[in-house]
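Have a look at the structure below, then the notes.
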Amino acid sequence: MNMHCCRVHTCLSLVPFIFQDLTLLLLTSGRDPGIVPRNTHPPEPESLDGNNDTGNGQTPQQLRLPRTKDVYVNGVVVKVKYCDTCMLYRPPRCSHCSICNNCVERFDHHCPWVGQCIGLVSSLMLHSLIFYCYPNVHGDSLLLLLITDRR
2 MNMHCCRVHT CLSLVPFIFQ DLTLLLLTSG RDPGIVPRNT HPPEPESLDG NNDTGNGQTP
62 QQLRLPRTKD VYVNGVVVKV KYCDTCMLYR PPRCSHCSIC NNCVERFDHH CPWVGQCIGL
122 VSSLMLHSLI FYCYPNVHGD SLLLLLITDR R
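For the sequence shown, our numbering gives the first residue as 2, with consecutive numbering after it.
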């Protein structure tokens, strides 16, 4: 009877760790990773001479936008890329995820474990999940092995 009580007590001590792991998993998978909102229309092409004459009888929608554009950020020239899918010039360190089909700020990777991209907002939650979950999984496994040991 005493051994049974010890096993129940040890199993119940695992509940807060399991709850913590599941909470961090839900927070990581439920947050917006930093998706840049799409444009409904492509941006207007910038003309070099300032007039709106498109030339060759083409409308602005038929003109091809340049793939890159130089933008000044805090006095420094930054080259930004155009995303055809989202119809916008992406901010620096922003990439398009082919799985989610969205541009994500500070895109790191698409995580299959949480089912979404890891970017600007969700990276802190993912690091917390890894930092707290990894020791919990190994500690929980060790405790379960000790509980089920039938000597």
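Where is the CB? At the ideal position from N, CA and C, for every residue including glycine.
Nothing here was measured: the structure is a model prediction, and the numbers come from that model.
Spell out the partners DSSP gives residue i in its beta bridges.
i, result
"residue 89", "84"
"residue 45", "Partner(s): none; residue 45 has no beta bridge."
"residue 128", "None, per the DSSP bridge assignment."
"residue 36", "105"
"residue 117", "112"
Between the alpha carbons of residue i and residue j, how many angstroms are there, rounded?
i, j, result
"residue 46", "residue 66", "6 Å"
"residue 125", "residue 42", "33 Å"
"residue 94", "residue 28", "23 Å"
"residue 90", "residue 118", "20 Å"
"residue 39", "residue 14", "47 Å"
"residue 109", "residue 127", "11 Å"
"residue 19", "residue 88", "43 Å"
"residue 96", "residue 73", "19 Å"
"residue 92", "residue 120", "13 Å"
"residue 100", "residue 131", "22 Å"
"residue 62", "residue 21", "No answer about residue 62 holds up, because its pLDDT of 49 lies below 50 and its placement is not dependable."
Which of the three DSSP states, helix, strand or coil, is assigned to residue i?
i, result
"residue 69", "strand"
"residue 100", "coil"
"residue 77", "strand"
Taking Cβ to Cβ, would you say residue i is nearer than 9 Å to residue j?
i, j, result
"residue 85", "residue 79", "no"
"residue 1", "residue 23", "Nothing about residue 1 can be reported from this structure: the residues present for the chain run from 2 to 152 only."
"residue 123", "residue 34", "yes"
"residue 105", "residue 98", "yes"
"residue 37", "residue 102", "no"
"residue 83", "residue 68", "yes"
Using only the heavy atoms of the ligand SAM, determine whether one of them is closer than 8 Å to the beta carbon of residue i.
i, result
"residue 96", "Inclusion of the ligand SAM in the displayed structure is not the case, the ligand content being empty and no account of it being possible."
For residue i, count the other beta carbons within 10 Å of its own beta carbon; 16 or more makes it buried, fewer makes it exposed. Which is it?
i, result
"residue 16", "exposed"
"residue 115", "buried"
"residue 31", "exposed"
"residue 1", "Outside the shown range of the chain (2 to 152) lies residue 1, about which nothing can therefore be said."
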